[in-house]
Amino acid sequence: MAAPSDRQVALRFGQLTGGFWRGASAGRAWFWSLLLAAAIILSVFANVTVNRWNGWFFDALEKRDSESAMIAMAVFPVLVLIVAGLGVVILVSRETFQVHWRQWVTARLADSWVGQRRFFRLSLSGYEPANPEYRIADDVRWATEPVVDFAIGLLSAVITIITFIEILWQIGGALTLRSGDAAIVIPAYLVLAAIVYAILVSLLVTIVGRRLPSLIAARNEGEARLRFSLMRIRDHGETIALARTEAGERRAVAHTYDGLVGRWLAMIRQRGRLTWITNGSGALVPVVPLLLAAPKYLSGEMSLGGVVQVAAAFVAVQNAFNWLLDNFMRIAEWLAAARRVNELADALERVDVEPPGEHLTISPSRDGLFGLDEVTLIDRDGRTLVADISCSVPPGATLHVSGELGLGKAALVQAVAGLWPWGRGAIMLPSGAFVTAVPQKLHLSEGSLRAVLETGRALPQDELESALRRYGLSALAPLLDESRDWDKELATGDRQRLALARAELEHPDVILLDEATSAFDTDAALELLGELRAARPDAIIIAFGQGAGFAEAATHRLLLKRAGGVVRMAQRHPASDSATLPGSVPAHVEPAE
């Protein structure tokens, strides 16, 4: 699929972020937008007034009119105060607007990414853009802040061109060139000169810098890859250190950085070519109007004040016309950032679209049973992981899924949790059932334990403390509101106890245990599982893998076996009337003491 053009990128970004001016944020957005626009317009007219003051003051000096010069000097501080005040208003309104707009866009993307577990579904989809977290944290800023500056510059440029061209036209007038008896009159020659000069420079910039946006995008992508490589080492530091695989990680980082250096050098070379034009133009702009005005000054057709005034007006008009030149680098960077933001937004929208072809269905079951009906799971490349799994268990049952699971275990867990879209067959859940999964290693965000346990709703203090006590975490009860990096402070066993307590507090109807008791011996695991069962007597518990106590706590068993890389049922017999699974033996669960 061809990459979108720069115009398509800009239109898509406008569509994505334009909601800031609608809905709940509209009042704030329009207030700061209009305040900023008004300040810019007034600022341009203030600059025109300063330009006219220059003509007044230098004409007074040329005529040695001390009275007019003194009046002009007395007026000047007032002009400075007005210009400075408008500058403050522009600064405050611009940056405040930028902060609020970025806040809105970031919240929209972050909510979309985190909501409905899209961050995980996107990682499974195969079309997740690289480093979505970087796009939300940094690219949104790089894509929103410059737009405000561009709007300011463009509005200021348009008003400046209109107002200062009038000055060039009035004061510069026409230029008469004589050759013998022939005379050539060039009307508004300073205006024409400014326009021709700006067009030539803009064309050169566009031609020389046309590859810059793609080079900047490649550089930003390389920076994101380097950050990801370094974060990967930090996240897996213990495993890398114990296995002594740091040499391979170092080579991987070096390879990533070598690629980044190549991208940087390509961009630097392109910027070097562009700098020839920008620096050359910057040196010429102040001189060109003086050279053009010199003949009329020397002939007495223009006063010294007029020369100063048209020179300043020419520079102002030229800078306005060269808005593209002055902002070409920033426009290229903005397009690269906007493209990355658009890619993430498009991927998040795409992940909600029903997957094409065969896909699993999740539907309400009869009689409140949990069931798998000829479930086959495939990965996004079409490779079969799990084939033809069928079973059913009643409320209050504990199903132990064991055997040679391989990659099929993660796929099964994710399918039942509603995250795995690829395959065929049906997963049947009790009507309105809430499914929760207890992983082997619970991720704990930096913050309070209360935030970990309160999953979407506030819970009474005594209920939280009681849950912690039941799962052997009484020592953590007084620390519920302390903000710490609990991911590092809690041992694996305590994390698994906390995960079970959290699962109970969610009041689920179906509980998926993914090696959730691996840190315990059998007796301790059975005690914890007994607490969970006592708290949720009618819940269906599905225990995957060889976690401690799973086999002993099971009332139903499903034995799976890998054959040719595909996980299948070890036996295929119809379930009995009591819903016991094929080949299963009811397990006796000792009551928790």
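Position 439, counted from 1, in the sequence shown is what numbering that gives the first Met the number 0 calls 438; the numbers after and before it change by one each time, with no gaps. No residue lacks a Cβ here, since even glycine has one placed at the ideal position from N, Cα and C. Bear in mind the structure is a predicted one, so any value in this text is a computation, not a measurement.
Can you tell me which of the three DSSP states residue i falls into?
i      : result
Trp141 : helix
Asp372 : strand
Pro128 : coil
Leu527 : helix
His99  : helix
Arg567 : strand
Trp419 : coil
Arg210 : coil
Leu479 : coil
Ser447 : coil
Ser391 : strand
Ser401 : strand
Lys295 : helix
Asp378 : coil
Ala542 : strand
Ser155 : helix
Thr48  : helix
Asp594 : Examination of residue 594 is not possible in this model, given that the chain is present from 0 through 592 alone.
Met301 : coil
Lys487 : helix
Asp366 : helix
Val434 : strand
His442 : coil
Asp513 : strand
So the candidates are the options; which of them puts its Cα closest to the Cα of residue i?
i      : options                           : result
Glu248 : Trp263, Gly261, Phe227 and Arg268 : Phe227
Ala45  : Thr360, Arg365, Thr159 and Ala409 : Thr159
Ala331 : Ala315, Ala217 and Leu80          : Ala217
Asp138 : Val415, Glu222 and Arg501         : Glu222
Pro477 : Ser447, Met230 and Ile39          : Ser447
Lys408 : Ile183, Pro438 and Pro429         : Pro438
Ile164 : Val184, Leu174, Ile194 and Ala136 : Ile194
Thr16  : Leu290, Ala474, Asp345 and Glu481 : Asp345
Which word fits residue i, buried or exposed, when buried means at least 16 other C-beta atoms lie within 10 angstroms of its C-beta?
i      : result
Pro128 : buried
Ser4   : exposed
Ala197 : buried
Ile161 : exposed
Met568 : buried
His506 : exposed
Trp485 : buried
Asp537 : exposed
Ala257 : The sequence given here has Asp at residue 257, not Ala. Exposed.
Ser444 : exposed
Arg456 : exposed
Arg101 : buried
Asp366 : exposed
Arg571 : Low confidence applies to Arg571: its pLDDT is 39, below 50, so where it sits in the model is not reliable, and the reading given next is rough at best. Its Cβ having fewer than 16 others within 10 Å, Arg571 is exposed.
Ile89  : buried
Gln495 : buried
Gln269 : buried
Trp103 : buried
Glu530 : buried
Ile426 : buried
In whole angstroms, what separates the C-alpha of residue i from that of residue j?
i      : j      : result
Ala319 : Val157 : 7 Å
Ala398 : Arg21  : Inspection of the sequence shows that residue 398 is occupied by Leu rather than by Ala. When rounded, the distance between both Cα atoms is 51 Å.
Thr244 : Thr238 : 8 Å
Asp64  : Gly304 : 13 Å
Ser465 : Ala414 : 32 Å
Gly424 : Ile540 : 21 Å
Gly13  : Arg140 : 15 Å
Asp387 : Pro363 : 20 Å
Thr516 : Pro394 : 22 Å
Leu167 : Asn130 : 52 Å
Ala109 : Leu35  : 28 Å
His358 : His442 : 29 Å
Leu211 : Asn326 : 12 Å
Asp378 : Arg93  : 48 Å
His555 : Leu463 : 31 Å
Trp55  : Gln317 : 23 Å
State the CB to CB distance for the pair residue i and residue j, rounded to an integer number of angstroms; the pair is presumed to be in contact (CB under 8 Å).
i      : j      : result
Val340 : Ala142 : 5 Å
Val309 : Ile170 : 5 Å
Gly152 : Trp322 : 5 Å
Leu85  : Ser42  : 4 Å
Val374 : Leu428 : Incorrect: roughly 13 Å between the Cβ atoms, too far for contact.
Ala500 : Leu472 : 7 Å
Trp419 : Leu376 : 6 Å
Leu189 : Pro294 : Incorrect: roughly 12 Å between the Cβ atoms, too far for contact.
Thr255 : Arg233 : At roughly 15 Å, the Cβ-Cβ gap does not stay under 8 Å, so Thr255 and Arg233 are not in contact.
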